[in-house]
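What follows is a short report on a single structure.
Number of protein chains: 2
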Amino acid sequence: MKHTYEYPRPAVTVDSVLFTLRANDLAVLLIRRRKAPHKGKFALPGGFVDANEGLAAAALRELAEETDVTDVTLEQLGAYGDPGRDPRGHTVSVAYFTFVVAEAHPVKAGDDASEAVWVHWADIEGGNAELAFDHATIVHDARVRLQQRLDDPRRHAGFELVPSRFTLSELQRVYEAVFGRTLDKRNFRSRLLALDLVETVMAAQRTGRHRPAQLYRWKNSRKR
Amino acid sequence: MKHTYEYPRPAVTVDSVLFTLRANDLAVLLIRRRKAPHKGKFALPGGFVDANEGLAAAALRELAEETDVTDVTLEQLGAYGDPGRDPRGHTVSVAYFTFVVAEAHPVKAGDDASEAVWVHWADIEGGNAELAFDHATIVHDARVRLQQRLDDPRRHAGFELVPSRFTLSELQRVYEAVFGRTLDKRNFRSRLLALDLVETVMAAQRTGRHRPAQLYRWKNSRKR
DNA sequence: CTCATAGGTGTGCTTCACACACGAAGGATC
DNA sequence: GATCCTTCGTGTGTGAAGCACACCTATGAG
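Chain order of the listed sequences is A and B. If you use our numbering, the first sequence corresponds to residues 1 to 224, in order. If you use our numbering, the second sequence corresponds to residues 225 to 448, in order.
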């Protein structure tokens with residue numbers, strides 16, 4: 001396949017926003033940049049799209065290269081193409097996002113990253129963790145979209161919100177972190193059960209120093 | 225500003241999906257391609273993003289160049305980057321969409337288009353009007369997003385659905401076309417009025433061969 | 001005058017969202 | 001083994017919103 005268009009044009013990059021729950025707080029997977037520009041700042045895992053590479057594929061590849069995270073389901077957030085967003089030149093970034101169970105995806109820095117860490121939302125929000133480029137905008141937009149997705153009672157998520165076996169309290173904590181407010185336990189449970197997406201796992205409980213919780217799993221076979 | 229990245233990479237294009245209401249049917253603004261590939265087929269107005277040009281700006285520029293339509297509010301739909309989507313080479317297209325009042329935006333073909341026309345949804349759906357590239361996918365996605373936008377009772381549209389003075393029946397016809405089904409008149413009106421977005425225009429009616437209709441306008445000054 | 005056409009209006013039922021409080025089960029400690 | 005602490009699990013009532021539904025009104029045409 002030939003490249004017919006050779007004049008100066010924007011380059012295409014991808015960036016991924018991975019959310020998770022850490023210590024009952026929403027967190028985002030970020031890398032610390034090893035190179036200029038924005039050396040030492042936090043940034044979203046991402047990079048250039050190769051010739052003849054799909055966008056989602058590129059996002060997954062870069063995610064794997066920079067953080068060692070694989071097997072996630074990315075959803076497209078949108079394209080960010082402000083000409084000034086990268087001081088090195090005009091780039092258009094296509095952003096993806098998802099929610100994952102951090103424990104299922106151990107993180108390891110690679111490549112351009114000197115570090116790959118889950119950063120708590122409070123640190124992002126509070127300006128405690130400075131983000132490179134326009135990544136603060138992207139992260140905020142991603143959170144809004146995540147909220148919209150969890151709001152919709154129809155296609156209810158599709159993200160990996162909890163492990164394959166989970167208690168309703170665990171799931172509720174995810175929702176509370178995403179929306180940033182507490183939810184009423186009874187309403188949460190009855191609404192969720194009414195959706196008929198979830199079923200109990202028989203003879204399976206778990207322990208703490210209190211009454212054990214009923215375990216559930218998503219109903220339609222496929223892991224969520 | 226220098227371009228640091230010179231190896232083969234995808235090019236960036238923009239495409240716009242403009243919806244309108246024609247003869248009580250949803251219609252999309254398309255151009256007929258004058259050049260190969262897909263010569264003679266219908267396509268969305270769009271084209272390459274220039275160096276240091278914003279995405280929305282590029283979409284507006286191409287729209288004006290190819291169809292002579294200006295002064296519209298585009299909303300981003302998403303990026304389409306399948307490597308095989310353009311036989312000439314790898315391009316990533318960022319799609320935009322909106323809804324406009326066709327009468328307010330006279331259409332005139334220019335540039336690469338031998339024609340710029342409003343194509344009825346039925347002709348698109350029925351395969352009667354063949355679309356180039358992956359534009360059929362984009363158009364369908366755009367309609368879904370448009371429906372979602374009109375569904376949301378909060379930010380209620382923001383699109384130019386009707387002229388600045390309009391009857392509730394006119395607005396209802398727009399909704400019916402977008403959703404592809406009839407709506408109950410009383411429910412439509414009471415729900416809309418409950419939103420308090422609309423107000424009557426005094427001493428203003430209009431005629432047909434029947435009882436005149438009350439005219440309305442959007443409440444918060446700004447035209448919608 | 002009659003008819004055809006679109007405009008305008010109100011009520012009851014059902015559903016959903018939400019606020020809210022207490023007993024149950026187990027572990028830890030004394 | 002009694003007590004206490006913690007989280008788990010549950011049902012009802014109230015108000016708001018969604019939805020189905022039918023008839024009279026104002027005008028123009030013939």
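For every residue, glycine included, the Cβ atom is placed at its ideal position computed from N, Cα and C.
For residue i, I'd like the list of residues in its chain whose CB is within less than 6 Å of its CB, leaving aside the five on either flank, ordered along the chain.
i      : result
A:A109 : E115, A116
What residues in its chain sit with their C-beta under 8 Å from that of residue i, if we drop five residues either side in the sequence?
i      : result
A:P212 : Q205, R206
B:K443 : D420, L421, V422, E423
B:I362 : D239, V241, L268, L301, Y304, S317, A319
B:A360 : I348
A:R191 : P153
A:L215 : R165, F166, T167, T200, V201, A204, Q205, R206
So residue i and residue j are in contact, right, with Cβ under 8 Å, and what is the actual spacing, rounded?
i      : j      : result
B:Q371 : B:F321 : With a Cβ gap of about 11 Å, B:Q371 and B:F321 do not count as contacting.
A:P83  : B:E277 : 7 Å
B:T244 : B:A326 : 4 Å
A:H90  : A:P163 : A:H90 to A:P163, Cβ: 42 Å. No contact.
A:R33  : A:W118 : In fact, because the Cβ distance is near 17 Å, the residues do not count as touching under 8 Å.
B:A346 : B:D249 : 6 Å
B:P232 : A:A51  : 4 Å
Confirm the yes/no value for this check: CB of residue i, any heavy atom of the ligand MN, distance under 7 Å.
i      : result
A:A102 : Ligands displayed in this structure: none; no statement on the ligand MN is therefore possible.
From which residue to which residue does the alpha helix (DSSP H) around residue i run?
i      : result
B:R413 : 409-419
A:V198 : First-last for A:V198: 198-200, but that is the beta strand (DSSP E), not the alpha helix (DSSP H).
Taking C-beta pairs closer than 7 Å, name the residues in chain B that residue i reaches, listed in chain order.
i      : result
A:Q147 : Residues of chain B passing the Cβ test: none, with the nearest at roughly 13 Å.
A:A132 : Correct list: empty, because the minimum Cβ distance to chain B is about 16 Å.
A:V139 : Per Cβ cutoff of 7 Å: no residues; A:V139 is ~17 Å from chain B at best.
So with CB distances below 7 Å, who are the chain A contacts of residue i?
i      : result
B:D306 : G54
Using only alpha-carbon positions, find the residue among the options that is nearest to residue i.
i      : options                        : result
B:L417 : B:R405, B:T391, B:A401         : B:T391
B:F266 : B:H329, B:H344, B:A356, B:V293 : B:A356
A:L74  : A:I31, A:E160, A:A136          : A:E160
A:G158 : A:R186, A:L30, A:V72           : A:V72
B:L287 : B:P330, B:R309, B:K263, B:P232 : B:P330
B:R413 : B:R405, B:G432, B:S393         : B:S393
A:R145 : A:R186, A:W121, A:N24, A:F99   : A:F99
B:A328 : B:V293, B:K259, B:D358         : B:V293
A:G46  : A:A27, A:T67, A:R186           : A:T67
Looking at the secondary structure, which residues open and close the beta strand (DSSP E) in which residue i lies?
i      : result
B:F323 : 315-323
A:A27  : 25-33
A:F133 : That residue, A:F133, is in no beta strand (DSSP E); it is neither H nor E in DSSP.
A:L18  : 11-22
A:F179 : No beta strand (DSSP E) holds A:F179; the alpha helix (DSSP H) holding it covers 168-179.
A:L77  : 75-80
B:R441 : 440-442
Find the residues of chain B that neighbour residue i, judging by a C-beta separation of less than 8 Å, and give them in chain order.
i      : result
A:G78  : Q300, G302, A303
A:V101 : None at all; the shortest Cβ gap to chain B is about 26 Å.
Name the chain A residues that come within less than 9 Å of residue i, Cβ to Cβ?
i      : result
B:H329 : In chain order: nothing, as chain A lies at least about 25 Å away.
Counting only the same chain and skipping the five closest in sequence on each side, list residues whose C-beta sits under 7 Å from that of residue i.
i      : result
B:V273 : V236, T237, V238, L279, A282
A:R88  : P37
B:H434 : none
B:L407 : Q396, Y399, E400
B:D310 : F357
Which residues in chain B sit within 9 Å of residue i, going by Cβ to Cβ distance?
i     : result
A:V92 : V236, V273, L279, A303, V316, V318
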